[in-house]
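This report concerns only the one structure given below.
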Amino acid sequence: MLLLSLLLIRPASAQPSAPQQYVIAIGAAADRLASGTLWLYSDSWYGVQQFKLAAIENGLAVVPQDIDRLKREANPHPNTDAYVIVIQAGEHVWFRTPDIPPDKFWADLTGALGPLGNTTRLPTGEFQVVLNGPIKRHITFLYPDGRPKANLVVSASIYLSDHNHCGFHQGLPLGVFRTDAQGTIEVVAPLVPLYFAGLDYYTPAGTGPAGPAYTSNVGMKIPADETFVVKVAWAVPAFTAQLQLLTATGRPRPNVDVYVNWSTNTCGGADRIAGTDGKGIVQLHLDATITGLTLIIGGPYSGGDAEGDRNTRRLSDAELSELFSKHKLVIRWDPMPRQVPPMLARPLGYWTSAPVNCGAVSGKWADPENGGTWDLSQTGESISGSLTILKGYCGSVTWQVAGRMNGRVATLTATKPEPPVDKCGAAAAASITAARAPYCNTAVPR
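Below, the structure written as structure tokens:
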């Protein structure tokens, strides 16, 4: 009888919690929200995820309390840092809770809406949530000397998160505004932090090659103040400078890429901006956010590439200072000559599972250690064919191959590269030689 009782009780105890009803109003209990949406946002380094918890109709929202089902349907990232409950009451009308730690959120799902306003448990079992109504907030934008930044177009939103890997903001849009003659906008929003997406401005960053240095910023968060003043630089000193690259003997060095580094509050901060012409000259448009310049021949290269290290040169602090002060600089630079490393000599057929004729090399042979493929045809002792080496996004180069079979060793010479210069501007080796034996002993461990 006891076992039967336990079996009967267990399913009942496993029933999910019943949905919780919330009565939502704005400003006063009598002013129920006619319609809206209740959202759940989960925030992690990988970005923000949005999930609809419930619709709001005539002030009533019915929120599921089955935690297991809610987790499956919302599918938040395993590394979620925080949850935020949001009520959307119109296109540009939003209310949000502070960030809620994951363990606290799932432990008290029923009370998660509490921070949105004044919350009361009604005798009928519903929770009544009276939201604090939005207010008129005034933000003034100024130049560093106090002059108003008039006619500035600003996209405003309620701040939600910028915890992702690039620091890009994701928020709740309030609309687009234009500053008046005093540099001021009026935004109607709850007293929570705001964010101005796409706002370009500059902040001091110590001293750089041009003297005072700045960081280039995109987007701005402001605190939960009723009035706030933004006083920043909207432009920085900029100029055009001429850089000329010569060989050690004074000959122009064309086709050298110039990469620039700059200080920024987002991802990026490095890119190719120009290349030298036939006279080795390049005109550079620079400003006070620049922190460094790098010269590269034949790149781009991956990290740790020995050839890339030989063909890359970063301007010294003294060179940067001269370029920024005089707006003109001549550099003489002779990188180490390109060296073709000897090819690794794995036997032809080593990377296949099929046996190879010990006295012949006809066929297509993968050669991943050297980044290529041999395509050979043997007649008697004479060998002809091609060698193709892939160079990633720089394309591929194919050589014509000729050689002879001497006993069980093929002596191969690859010449006439096509194209002679790859897509990244690096010259192909004029000649490659290799001695290869067929991989005919399939009993040899690989």
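Following our numbering, the numbering of the sequence shown begins with 65 at its first residue and continues without gaps. C-beta atoms are modelled at their ideal positions from N, C-alpha and C, and glycine is treated no differently. This one's a predicted model, so the numbers in the text were calculated from it and none came from an experiment.
query	result
Cutting at 7 Å between CB atoms, please list the residues of its own chain near residue 303, excluding the five before and the five after it.	350, 391
Whose C-beta lies closer than 6 Å to the C-beta of residue 496 among residues of the same chain, with five residues either side of it excluded?	478
Would you mind stating whether residue 87 and residue 186 have Cβ atoms separated by less than 8 Å?	yes
So residue 216 and residue 205 are supposed to be a Cβ contact under 8 Å. How far apart are they, rounded?	6 Å
What is the residue span of the beta strand (DSSP E) that residue 481 lies within?	473 to 482
Between which two residues does the alpha helix (DSSP H) harbouring residue 131 extend?	131 to 138
What does a CB cutoff of less than 6 Å around residue 190 pick up in its chain, not counting 5 residues either side in sequence?	85, 87
Can you tell me which residues form a DSSP beta bridge with residue 246?	Partner(s): none; residue 246 has no beta bridge.
Among 360, 327, 334, which residue has its Cα nearest to the Cα of residue 309?	360
In the structure shown, what three-state DSSP assignment does residue 314 receive?	coil
Is residue 211 helix, strand or coil when you go by DSSP?	coil
Taking the straight line between their C-alpha atoms, what separation do you get for residue 240 and residue 269?	30 Å
Kindly indicate the opening and closing residues of the beta strand (DSSP E) around residue 268.	258 to 272
Check whether the Cβ atoms of residue 467 and residue 447 sit closer than 8 Å, and answer yes or no.	yes
Quick one: grab the DSSP three-state call for residue 253.	strand
Three-state secondary structure (DSSP) at residue 121?	strand
Within 10 angstroms of its Cβ, does residue 375 collect 16 or more other Cβ (buried), or is it exposed?	buried
What would DSSP say about residue 144, mapped onto helix, strand or coil?	coil
Considering only residues of the same chain and omitting the five flanking positions on each side of residue 233, which have a CB-CB separation below 8 Å?	221, 223, 224, 225, 226, 259, 261, 283, 285
So, residue 129 versus residue 83, is the Cβ gap smaller than 8 Å?	yes
Can you list, in chain order, the residues of its chain whose CB lies under 6 Å from that of residue 288, leaving out five sequence neighbours each side?	255, 256, 257
I want to know whether the stretch 307 to 322 touches the stretch 333 to 341 - three or more CB-CB distances under 8 Å.	yes
Inspect the CB distances between the stretch 117 to 132 and the stretch 169 to 184 and report whether three or more fall short of 8 Å.	yes
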